[in-house]
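J.: Just so we're aligned: the sequence shown equals residues 1 to 499 in the UniProt record's numbering.
Below is one structure. I have some questions about it.
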Amino acid sequence: MGGGQVTVYFIGAGPGAADLITVRGQRLLQTCRVCLYAGSIMPDDLLALCPPDAKVVDTGPLTLDQIVAELSEAHAAGLDVARLHSGDPSLYSALAEQCRRLDSLGIAYEIVPGVPAFTAAAAALKRELTVPGVAQTVTLSRVATLSTAMPPGEDLKTLAHCGGTLVLHLAAAQIDAIVPQLLEAGYRPETPAAVVAFASWPQETVLRGTLADIAGQMHRAGITKTAVIVVGDALTAGGFTDSYLYSAGRARGEQALMRVLLLGGTGEARALAKTLHPRVDVVSSLAGRVPDPALPVGPVRIGGFGGVDGLRRWLQDERIDAVVDATHPFAATMTAHAAVACAESRIPHLILARPAWDPGGAIVVDSDADAAETVARQGYSRVFLTTGRSGVRAFAGSDAWFLIRAVTDPDASALPRHHRVLLSRGPYGYDDEFALLREHRIDVLVTKNSGGDMTRAKLDAAAALDVAVVMVARPPLPAGVLTVGSVAEAAEWVGALAG
Numbered sequence: 001m002g003g004g005q006v007t008v009y010f011i012g013a014g015p016g017a018a019d020l021i022t023v024r025g026q027r028l029l030q031t032c033r034v035c036l037y038a039g040s041i042m043p044d045d046l047l048a049l050c051p052p053d054a055k056v057v058d059t060g061p062l063t064l065d066q067i068v069a070e071l072s073e074a075h076a077a078g079l080d081v082a083r084l085h086s087g088d089p090s091l092y093s094a095l096a097e098q099c100r101r102l103d104s105l106g107i108a109y110e111i112v113p114g115v116p117a118f119t120a121a122a123a124a125l126k127r128e129l130t131v132p133g134v135a136q137t138v139t140l141s142r143v144a145t146l147s148t149a150m151p152p153g154e155d156l157k158t159l160a161h162c163g164g165t166l167v168l169h170l171a172a173a174q175i176d177a178i179v180p181q182l183l184e185a186g187y188r189p190e191t192p193a194a195v196v197a198f199a200s201w202p203q204e205t206v207l208r209g210t211l212a213d214i215a216g217q218m219h220r221a222g223i224t225k226t227a228v229i230v231v232g233d234a235l236t237a238g239g240f241t242d243s244y245l246y247s248a249g250r251a252r253g254e255q256a257l258m259r260v261l262l263l264g265g266t267g268e269a270r271a272l273a274k275t276l277h278p279r280v281d282v283v284s285s286l287a288g289r290v291p292d293p294a295l296p297v298g299p300v301r302i303g304g305f306g307g308v309d310g311l312r313r314w315l316q317d318e319r320i321d322a323v324v325d326a327t328h329p330f331a332a333t334m335t336a337h338a339a340v341a342c343a344e345s346r347i348p349h350l351i352l353a354r355p356a357w358d359p360g361g362a363i364v365v366d367s368d369a370d371a372a373e374t375v376a377r378q379g380y381s382r383v384f385l386t387t388g389r390s391g392v393r394a395f396a397g398s399d400a401w402f403l404i405r406a407v408t409d410p411d412a413s414a415l416p417r418h419h420r421v422l423l424s425r426g427p428y429g430y431d432d433e434f435a436l437l438r439e440h441r442i443d444v445l446v447t448k449n450s451g452g453d454m455t456r457a458k459l460d461a462a463a464a465l466d467v468a469v470v471m472v473a474r475p476p477l478p479a480g481v482l483t484v485g486s487v488a489e490a491a492e493w494v495g496a497l498a499g
């Protein structure tokens, strides 16, 4: 936040009921001489907490520039400002752009969290959104209407594949479009669905049903705004297993059953880290090549080991009982080093390799260099290159135009003459991939056979548009190492070792 003495307080006002504001938020609201709020969704009972002589400004009709001007004017006058946001400021509040402006002006601020609307909705429904064995993931999102477009990979169909409990904000008016998209993505018509409008307000309305009937219920109730839509089996789950946290069988204060090194950096590795028994001591290792990586639960080490010898010493020093290699299928060097180090140390070793894609009609090659030669030989002119930053250099001398998608910027010296770099991270949805290929008039997709569902949509989109595919085959796995293709199989293997 900006430097200096704090004068601006972004306060989460909670979902509606005045007594759901935090104690800190209430104290600040009662002492700040200026209060800015969005009038359409802020209850009068809450505004009554402001000092009688406070300047109270409804920001509903104001632009961002006008709002920042109010904040700046109060700061210049030495007055503290309570900037009220409904729910919690971290969600759909336009907080980021206000903070950016204050940072540029050198105005200090503090953010006070609040009760978000989705938790108030869960309370109204009297349901836990993360039920053991049913749902352990909550996805918070919205749909694009008259607001900022959704980023690539965050379309509703893609998010639906995540499973768990789906919570949609600012989406009530689009329910007729939402339900078909969820059904097309694989949800069942009988999937439980609920809507809570004006959660915690006197006019709170709760609807319970399924995807087959929830839209009709909303129309009959006249719900078009200020509502949260919740979808998922957690809404009606009854025969679930009690959580392990408070079970009588949980060992408390005992030593770990075993210590496992999990070579990760993939979605499968993160899922496995969450799945293993609480008394299995897991240390996840990431290569450190990606900034701001998605982190697994538990301890994480980042960086290399120093070759086979370094890894072998680390395994011994850390008293590792088993190694699970769940790295990317193309992390061949790490996989080879792990196989040798484990064999020499006589440590049980498992490879978790996600199933490869069926190449179908793709031109299969053995390396990035072979892929570049194939593109040149076939005369392709507009290339969608998705082999990662390390695979770009092979195409540096090409005269074709490239759309290069990577998580981090490739080296400038590795880039072909004609290109555009698109920085993003999966998963990617079919509709977005289809639009991307068509917009850029792509005539060939170059990809590694990474496998899995997170990035498969580009292959389906290429097939639909009759775009050629050049696919780099996976490097072979080390001989003699047990290999499984699913998180469940890997967890079973570790469980058997742990006893």
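The beta-carbon is built from N, C-alpha and C at its ideal position, and this holds for glycine as well.
Can the beta-carbon of G60 be found closer than 8 Å to that of A38?
T.: Yes, the pair counts as a contact, with Cβ atoms nearer than the cut-off.
J.: Rounded to whole angstroms, how far is the Cβ of T387 from the Cβ of D368, which I believe are closer than 8 Å?
T.: Their Cβ separation, rounded to whole angstroms, is 6 Å, which keeps T387 and D368 in contact under 8 Å.
J.: Work out the CA separation of V115 and Q30 for me, nearest whole Å.
T.: Computed Cα separation, rounded: 19 Å.
J.: Report the option in T191, G264 and L263 whose CA atom is closest to the CA atom of T236.
T.: The option with the nearest alpha carbon to T236 is T191.
J.: Looking only at C-alpha atoms, which of D366, Y430, A108 and A338 sits nearest to V470?
T.: Taking only the C-alpha atoms, the option nearest V470 is D366.
J.: List the whole-angstrom C-beta distance separating L156 from I229, where the pair is believed to meet the contact cut-off of C-beta under 8 Å.
T.: No, L156 and I229 are not in contact; Cβ-Cβ is about 11 Å, not under 8 Å.
J.: What is the residue span of the beta strand (DSSP E) that F384 lies within?
T.: Element bounds for F384: R382 to L385.
J.: Roughly how many angstroms lie between the CA atoms of E489 and G307, to the nearest whole one?
T.: So the alpha carbons of these two residues sit roughly 28 Å apart.
J.: Starting from M150, trace the alpha helix (DSSP H) both ways and give me its first and last residue.
T.: Neither: M150 is in no alpha helix (DSSP H) and is coded neither H nor E.
J.: With respect to the alpha helix (DSSP H) encompassing H342, which residues constitute its N-terminal and C-terminal limits?
T.: Reading off the sequence shown, one finds Cys at residue 342, where the question assumed His. Counting along the chain, the alpha helix (DSSP H) containing C342 begins and ends at A332 to S345.
J.: Report the rounded CA-to-CA distance for I320 versus A273, giving the unit in angstroms.
T.: Cα to Cα, the separation comes out at about 15 Å.
J.: Which same chain residues end up closer than 6 Å to S285 when comparing Cβ atoms and leaving out the 5 residues on each side of it in sequence?
T.: So the qualifying residues of the chain are L263 and R301.
J.: Cα-Cα, which of F395, W401, G133 and Q174 is closest to D411?
T.: Of the candidates F395, W401, G133 and Q174, the one whose C-alpha sits nearest the C-alpha of D411 is F395.
J.: Whole angstroms is fine: what's the gap from P329's alpha carbon to G451's?
T.: Those two C-alpha atoms are separated by around 8 Å.
J.: Which residues share a DSSP beta bridge with L140?
T.: DSSP output for L140 lists V167 as bridge partner(s).
J.: Do the stretch 105–120 and the stretch 9–24 make contact, defined as three or more Cβ pairs closer than 8 Å?
T.: Result yes; three or more Cβ-Cβ pairs closer than 8 Å.
J.: Are the beta-carbon atoms belonging to L350 and V324 less than 8 Å from one another?
T.: Yes, Cβ-Cβ distance for L350 and V324 is below 8 Å.
J.: Opposite K126 in the DSSP bridges: which residues?
T.: Its beta-bridge partners do not exist; DSSP assigns none.
J.: With burial defined as no fewer than 16 other Cβ atoms inside 10 Å of the residue's Cβ, what is the status of Q98: buried or exposed?
T.: That one is buried.
J.: So which of D65, T63, L64 and L46 has the shortest CA-CA distance to residue 505?
T.: Residue numbering for the chain in the displayed model covers 1 to 499; residue 505 lies beyond these limits and cannot be assessed.
J.: What does a CB cutoff of less than 7 Å around L459 pick up in its chain, not counting 5 residues either side in sequence?
T.: Closer than 7 Å at Cβ, skipping near neighbours: W357 and V469.
J.: If you draw a straight line from the C-alpha of V444 to the C-alpha of R425, how long is it?
T.: About 21 Å.
J.: Please report how far the alpha carbon of D281 lies from the alpha carbon of W493, in whole angstroms.
T.: Whole-angstrom Cα-Cα distance: 15 Å.
J.: What are the boundary residues of the beta strand (DSSP E) that F402 is part of?
T.: It spans W401 to A406 - the beta strand (DSSP E) in which F402 sits, taken as one unbroken run.
J.: Looking at the structure shown, is V308 part of a helix, part of a strand, or coil, going by DSSP?
T.: Three-state DSSP puts V308 in a helix.
J.: Are T205 and I223 touching if we call contact CB-CB under 8 Å?
T.: The answer is yes: Cβ separation under 8 Å.
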